[in-house]
Amino acid sequence: MMRHFPATLLVAASLALGGCATAVPPVEVTRFHANNAVAGWAPGTRYAVDVAPLGNAAAAADGWQPSLEWNSYRTAVERQLQLQGLVAAPDGARAPLKVRIGFDRAERVGPGKRSPVSVGVGGSTGSYGSGLGLGIGINLGGGPKPTQDLQLSVRIDDAATGQALWEGRALTAVRAKAPAAQPSLAAAKLAEALFKDFPGESGRTITVP
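Residue numbers (mature numbering (1 follows the signal peptide of the UniProt record, and there is no 0)): -23 to -1, 1 to 186.
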């Protein structure tokens, strides 16, 4: 027996499918890690997300509060962590792993011309002496239309010692008014690319379609 659905539901479904099909440009990813430490994470290992933004100690010291956009990136990162078998610790509980997250969104009006104002926090890590966060040097966008450079950075520390066990950065460029520039879509794409084939080959830069 055929079932007839209200037109409003059909419209909503088509919009949802269109959003899922929204193309996000390729993402450039670099990871660094200590193989023995990452390999030792057993399924169920707990982590806690540090609310202090990665790479922006001044903001944290000034009583920085997470924005809706930062929360989009946190949600996307936590989804990927849980796909790796890690488990979020209850609020206030101790966990062996500390996760730090930073994002940056900068406007660019032409090739190589970034606006003087960036929205977001953090992104510079480099605790392995790798220069991670200092710029890979590949132009991901450009052209006459306004472009947004988007970057997600994540660092996973040993909570007891503060030593970095894994860190990575994912960046892409999207047209400023494109659907892919929406925080929820951009965060999901960058986080998925960053954790692709986790932990990834240390020190290698890859492009994820």
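Where is the CB? At the ideal position from N, CA and C, for every residue including glycine.
What you are looking at is a predicted structure, and each value in this text was computed from that prediction instead of being measured.
Pairwise C-alpha distance: residue j and residue i
i, j, result
"S101", "T149", "A caution first: S101 carries a pLDDT of 41, below 50, which makes its placement in the model unreliable, though a value can still be read off. Whole-angstrom Cα-Cα distance: 16 Å."
"W47", "A(-1)", "21 Å"
"V4", "A72", "31 Å"
"F80", "W18", "25 Å"
"D135", "Q42", "24 Å"
"G108", "G180", "Any reading at G108 must be qualified, since the residue scores a pLDDT of 38, below 50, and its modelled position is unreliable; no value is offered."
"G177", "S130", "15 Å"
"R77", "D27", "5 Å"
"D68", "R23", "12 Å"
"A66", "R85", "39 Å"
"T182", "L60", "22 Å"
"F172", "T52", "14 Å"
"F175", "G62", "11 Å"
"A70", "A137", "14 Å"
"N13", "R56", "23 Å"
DSSP three-state assignment for residue i, whether helix, strand or coil
i, result
"V15", "helix"
"T138", "coil"
"K75", "strand"
"A170", "helix"
"Q128", "strand"
"A155", "coil"
"L83", "Here residue 83 turns out to be Ala, not Leu, going by the sequence shown. It is a strand residue."
"R56", "helix"
"A150", "strand"
"A(-1)", "coil"
"A164", "helix"
"S179", "coil"
Residue i vs residue j beta-carbon contact at 8 Å
i, j, result
"V185", "P2", "no"
"R8", "G139", "no"
"L162", "A147", "no"
"Q128", "A158", "no"
"K75", "A25", "yes"
"R132", "L31", "yes"
"A170", "V15", "no"
"G21", "V64", "yes"
"A83", "P123", "no"
"A29", "L142", "no"
"S44", "A164", "no"
One or two residues paired with residue i in a DSSP bridge
i, result
"D27", "R77"
"G8", "In the sequence as displayed, the identity of residue 8 is Arg instead of Gly. According to DSSP, R8 bridges with G145."
"T184", "E5"
"A66", "In the DSSP output, where bridge partners are listed per residue, A66 has none listed."
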